Amino acid sequence: MIEIDGSYGEGGGQILRSAVAVSAITGTPVRIINIRKNRPRAGLSIQHIKSIELVGQMSDAKIEGLSPGSTTITFIPSEIRGGKYSLNIGTAGSISLVLQSITPVASFAPSPVSINVTGGTDVRWSPTIDYFKHVTMPALRMFGFKGTLQLLSRGYFPVGSGSVVIDIEPADLRGAIIDEHRGGPVRGISASSRLPSHVSWRQRDAARKYLESVGLEVGEIELDVRDDLSTGSSITLFSGFHGGSALGERGLPAEKVGTEAAINLANCLESDAAVDPFLCDQLITFMALSKGSSLITTSSVTSHAVTNMWIMEKLTGRRFTVEKNRNIVIQSA
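Read in order, the letters of the sequence shown are residues 1 to 333 in UniProt numbering.
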């Protein structure tokens, strides 16, 4: 059994998600201590528990210490199984963060996996569901990932109740070289639920105006106007393996939301690196689990990426090197 210090680096949920996923794939039991020790609310949250339970179901694992506030868990996996699964986070907890845990695990299943996840699709401190579908998943396909995502309903804070279905086929993951920016016109999705339809188009128009003002070519920005159970708005913009997003707030003009997303993307595109820093975080796990070496370039390395490289080296034996040239080059061997 390998012991993981959950307070290492940024000391958040990234350690849990990565360690449990790799444990399930490799069959190596793990004990994670000091979970979120340095956070205002230390220990496991409901969202963490639900995510770990799902990976446990998929790998027929024995789990100890899985309760709210727990700072230590033991995860002893058996064999990964295909089939249909469902998870209701029960809050507006991030669906995208759950998907980060299950996509690598499902790729190693002996048969197809279909998972219905209910929770927050567009919430703070995590990728929007549109980012995951249009930026993360295309990048994962570079490693041989085979999956499709269907958005059933959007979920905003605090109600949540968003729903997606992800279908994943078994895959022979291989190393990937992602070192050139795959450009093209900026595209995107401006979404709202239970709000006047003009909110979505005002977000879109403001985003387009800013992007064009800084010389970027803009393609279609779709409008997704819904009447789902939760109220809110969001906009996600993307070009190649770069994305920028923003969430609406009560009292915040839709124009400011659209402009914020556009600024976020434009800042990423100032570099000619292949992937944005937030996508880089998500690719580390696939770099470690794929056959052969991988290489990606990014404009900066986040604390999440540093933490994830540390976990992967500890659990898989792979080694990562980080070099700073014109861009930052991350390589696994």
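Using N, Cα and C, we set each Cβ at its ideal position, and we do this for glycine too. Model, not experiment: these values are computed from the prediction.
- Within the stretch 277-333, complete beta strand (DSSP E) segments of at least 3 residues are found at 294-298, 320-324, 328-332, given in chain order.
- In terms of CA proximity to Ser67, Gly43 leads the group Lys314, Arg174, Gly43.
- Taken atom to atom, the span from the alpha-carbon of Ala191 to that of Ile235 is near 6 Å.
- One Cα belongs to Lys146, the other to Glu169, and the distance between them is close to 5 Å.
- In the structure shown, the three-state DSSP call for Asn38 is coil.
- Under the criterion of beta carbons closer than 8 Å, Cys268 and Ile330 do not qualify as touching, at roughly 16 Å.
- With contacts defined by Cβ atoms closer than 8 Å, Arg17 and Leu87 do not form a contacting pair.
- The Cβ neighbour count for Leu173, taken over all protein chains shown within 10 Å, is at least 16; the residue is labelled buried.
- Inter-residue distance for Ser23 and Gln282 is about 17 Å (C-alpha atoms, whole angstroms).
- Taking the C-beta atoms as reference points, Arg204 is found nearer than 8 Å to Ile221.
- Remark: three or more beta-carbon pairs, one from each stretch, lie closer than 8 Å, so the stretch 233-250 and the stretch 270-277 are flagged as touching.
- Looking at the backbone, the Cα of Asp227 and that of Leu195 are separated by about 8 Å.
- Spatial neighbours of Ser78 in its own chain (CB-CB distance under 7 Å, excluding positions within 5 residues in sequence) are listed in chain order as Ser59, Asp60, Ala61.
- Inclusion of Leu99 and Phe75 in the CB contact set at 8 Å is not warranted, their separation being larger than that value.
- Under the 10 Å beta carbon count, Ala333 is surrounded by fewer than 16 other beta carbons and is classified as exposed.
- Under the DSSP definition of a beta bridge, His242 partners with Ser239.
- In the structure shown, Thr26 falls within a helical segment according to DSSP collapsed to helix, strand and coil.
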